[in-house]
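Enquirer: Below is the structure I would like to discuss, written out as structure tokens.
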Amino acid sequence: MTNGHITNFDPEDTAAWAAGNAAIARRNLIWSTASTHVAFSIWSLWSVVVLFMPESVYGIKAGDKLLLAAVATLVGGCVRVPYVRATAKFGGRDWAVASSLILLIPTVGTLLLLVNPGQPLWMYLVCAALTGLGGGNYAASLANVDAFYPQRLKGVALGLCGGIGNLGVAAIQLVGLLILATVGNTKPELVCSVYLVLLAVVGTCAALWMDNLDHGMEEVGSIRSILSVPDSWIISALYCAAFGSFIGFAFAFAQVLHVTFEKAGHSPAEAALYAARIAFLGPLLGALARIYGGRVADRRGGGRVTLVVFLGMILASAVLAATSTIDDHTTRATTSTIAVYIAAFMVLFILAGMGNGSVLKMIPSIFEARSRSLDADEAERRHWARSHSGALIGFATAVGALGGVAINLILRQAYASSGSETPAFWVFLASYCAVAGLTWVMYVRRPRGTRGARVPVDTQKVSA
């Protein structure tokens, strides 16, 4: 159990780091990550429970299920900046406890809706929106962890926090699979029951073993100031493509598989089980790749790793688009088609996970480099870089979640207009081409002319 509040914590002080600050940072990383993991599971709760909701019982169509995922993703993105500000105001420990306990409300609400089918769509939408609060925990946790670790370890720390947090998506989908495999699709409330217990556990552990860190992250000033920095918008766009792909596909993949298996001639119950057997693998691989992406970015540079990631996503989405286009001209989805879908989606998950880690690594590097031009002493410069890095992490992760909203809405519109996901895959391909070009121009190729004046050459070298 901790005393709860720490002042004058300087992660760049190597002597203090060796004397005990490293242990403090590690302890807070562990429990902040645990609370984020469970919160991520609640955020993606509806990606699982829709597999337990046959249209004949609940009256919810495939397009409406994607809408539920989009609403949860949207709220998760919108609350991220307020959640980062709440961390600065109330402290990492206090806000981790409060935000975990708040999630008990939508979890109970979802349980009640599942055991009482036939309710109007708006009730499901409200409950899905409240589960979106779990998405805010992610940004708050990253900003908190960022303040505990020195520049040389930020990539690893943020990668671990984000990656293990992202594993919450795979974890809840695995819980859903176990329930489907053991008791069938008639007991969806068991998923909620498991997570009611886990929320209580992580909330209690956060209260006992986390600390409120007086890291001076300004609530409003830093967020306002980063909006005038062009890199803030560019990084947000890149994170929108990377994290947006991860969370968007994590929410939609099971539903896409469900539709595909039904097209192949399976019953809704069989399609749900087959989809659940596969769907959790994507978020699992993506979350693990996110940890690796942060490590690689520490060694190779965030810009270069991010460019390679987007080039790979271009290739994978091209395979999806081409395969789906061919499949549209057949009467039934074949085994080979399904296999290509699964393989291409797995590649997208892995690359999106790596991109999450590499893009976030660029944020502290950019502001650390920009701080060198300040007329300030070393302590003030570090404070400025930390506060602005935390603010941009909150802002970029908020914008990033909107990419997940777009993916679900684009898929929903594709199904509504053509009955196929093919148009959505072509849109995804075009988007990855755009962000790959942006990454190349801004963070990989050598700066020229006046561009070097906007972002110091050192920034390019550190971030790329």
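So the sequence shown is numbered by full-length UniProt numbering: it starts at 1 and just counts up by one.
Positions of the beta carbon are idealized from the N, C-alpha and C atoms, including for glycine.
#1: Count the other CB atoms within 10 Å of the CB of Thr-14; is the residue buried (16 or more) or exposed (fewer)?
#2: Quick check: what's the CA-CA separation for Lys-61 versus Glu-55?
#3: Could you give the DSSP three-state label for Leu-266: helix, strand or coil?
#4: From the DSSP output, in three-state form, read off Ser-100 for me.
#5: How far does the alpha helix (DSSP H) with Gly-294 in it reach, from first residue to last?
#6: Could you give the DSSP three-state label for Leu-111: helix, strand or coil?
#7: Taking the alpha carbon of Val-81 as the reference point, which residue from Val-259, Glu-380 and Arg-224 has its own alpha carbon closest?
#8: Taking the alpha-carbon of Thr-337 as reference, which of Met-346, Thr-331, Phe-345 and Asp-327 has the nearest alpha-carbon?
#9: Under 8 Å, with one C-beta from each stretch per pair, do the segment 136-143 and the segment 224-238 reach the 3-pair mark?
#10: For Ala-72 and Ala-129, what's the separation of their Cα atoms in angstroms?
#11: Does the beta-carbon distance from Leu-167 to Leu-284 come in below 9 Å?
#12: Pick out whichever of Ala-343, Val-305, Asn-212 and Ile-179 has its Cα sitting closest to the Cα of Leu-320.
#13: Go ahead and label Ser-228 buried or exposed: buried means 16 or more other beta carbons lie within 10 angstroms of its beta carbon, across all protein chains shown.
#14: What does the Cβ neighbour count give for Asn-212, buried or exposed, with the cut at 16 atoms within 10 Å?
#15: Just the Cα atoms here: how many angstroms apart are Val-435 and Val-309?
#16: Along the chain, where does the alpha helix (DSSP H) that runs through Arg-26 open and close?
#17: Going by the beta-carbon positions, is the gap between Ala-241 and Gln-173 smaller than 9 Å?
#18: Run through DSSP, which three-state label would Leu-227 get?
#19: Just checking my contact of Gly-155 with Arg-300 at CB under 8 Å: how many whole Å lie between their CB atoms?
#20: Sort out for me which residues DSSP pairs Asn-408 with in a bridge.
#21: Thinking just about the alpha-carbon of each residue, which of Val-84, Val-49, Leu-66 and Ile-164 is nearest to the one in Thr-107?
#22: Given residue 512, which residues of its chain have a CB within under 7 Å of its CB, disregarding the five upstream and five downstream residues?
#23: Would you kindly work out how many angstroms separate the C-alpha atoms of Val-427 and Gly-312, rounded to a whole number?
#24: On the DSSP bridge assignment, give the partners of Cys-116 in chain order.
#25: Count the CB pairs spanning the segment 65-79 and the segment 412-425 that are closer than 8 Å, and state whether there are at least three.
#26: On the DSSP letters alone, give me the boundaries of the alpha helix (DSSP H) that Asn-8 sits inside.
#27: According to DSSP, is Leu-374 part of a helix, a strand, or is it coil?
#28: Using the beta-carbon count (16 or more within 10 Å), is Asp-298 buried or exposed?
#29: For Val-444, which three-state DSSP category applies?
#30: Have a look at Gly-76, Asn-356 and Ala-207 and flag the residue whose alpha-carbon is nearest the alpha-carbon of residue 530.
#31: Give me whichever residues DSSP pairs with Leu-213 in a beta bridge.
#32: Check whether the Cβ atoms of Leu-74 and Ala-237 lie closer than 9 Å to each other.
#33: Do the CB positions of Gly-286 and Ala-352 come within less than 9 Å of each other?
#34: Quick one: give me the first and last residue of the alpha helix (DSSP H) that Arg-80 is part of.
#35: I'd like the list of long-range same chain contacts for Tyr-83, defined as Cβ closer than 8 Å, with 5 residues on each side in sequence excluded.
Expert: According to the structure shown:
#1: When all chains shown are included, Thr-14 counts as exposed.
#2: It is roughly 6 Å from the alpha-carbon of Lys-61 to the alpha-carbon of Glu-55.
#3: The sequence as given places His at residue 266; Leu does not occur at that position. Note: His-266 maps to coil in three-state DSSP.
#4: DSSP, reduced to helix, strand and coil, places Ser-100 within a helical segment of the structure shown.
#5: Going by DSSP, Gly-294 is part of the alpha helix (DSSP H) stretching over 281-300.
#6: In this structure, Leu-111 counts as helix in the three-state DSSP scheme.
#7: Cα-wise, what sits closest to Val-81 is Arg-224.
#8: Of Met-346, Thr-331, Phe-345 and Asp-327, the residue nearest in Cα terms is Asp-327.
#9: Inter-segment contact for the segment 136-143 and the segment 224-238 is absent: fewer than three beta-carbon pairs are separated by less than 8 Å.
#10: The alpha-carbon atoms of Ala-72 and Ala-129 are separated by roughly 5 Å.
#11: Between Leu-167 and Leu-284, the C-beta gap is smaller than 9 Å, which places the two residues in contact.
#12: Comparing Cα-Cα distances from Leu-320 to each of Ala-343, Val-305, Asn-212 and Ile-179, the minimum goes to Ala-343.
#13: Flag for Ser-228 reads exposed.
#14: Classification for Asn-212: buried.
#15: If you draw a straight line from the Cα of Val-435 to the Cα of Val-309, it comes to about 10 Å.
#16: 22-43 is the extent of the alpha helix (DSSP H) around Arg-26.
#17: One thing to note: Ala-241 has its Cβ no nearer than 9 Å to the Cβ of Gln-173.
#18: Three-state result, Leu-227: coil.
#19: So it is not a contact: roughly 10 Å between Cβ atoms.
#20: None; Asn-408 has no bridge partner.
#21: The shortest C-alpha separation from Thr-107 is found at Val-49.
#22: With the chain covering 1 to 464 only, the question about residue 512 has no answer from this structure.
#23: Val-427 and Gly-312 have their C-alpha atoms some 16 Å from each other.
#24: Just to set this straight, residue 116 is Asn in the shown sequence, not Cys. As computed with DSSP, Asn-116 is found in no beta bridge at all.
#25: Short answer: they touch.
#26: Where Asn-8 is concerned, there is no enclosing alpha helix (DSSP H), given that its DSSP letter is neither H nor E.
#27: DSSP places Leu-374 in the coil class of the three-state scheme, outside both helix and strand.
#28: The residue is buried, with at least 16 neighbouring Cβ atoms inside 10 Å.
#29: It is helical.
#30: Residue 530 lies beyond the range of the chain shown here (1 to 464); nothing can be said about it.
#31: By DSSP's assignment, Leu-213 forms a beta bridge with Ile-6.
#32: Between Leu-74 and Ala-237, the C-beta spacing is not below 9 Å.
#33: The answer is yes: Cβ separation under 9 Å.
#34: It spans 80-90 - the alpha helix (DSSP H) in which Arg-80 sits, taken as one unbroken run.
#35: For Tyr-83, same chain residues with a beta-carbon under 8 Å away, outside a window of 5 residues either side, are Trp-95, Ser-99, Gly-136, Asn-137, Ala-139, Ala-140 and Gly-394 in chain order.
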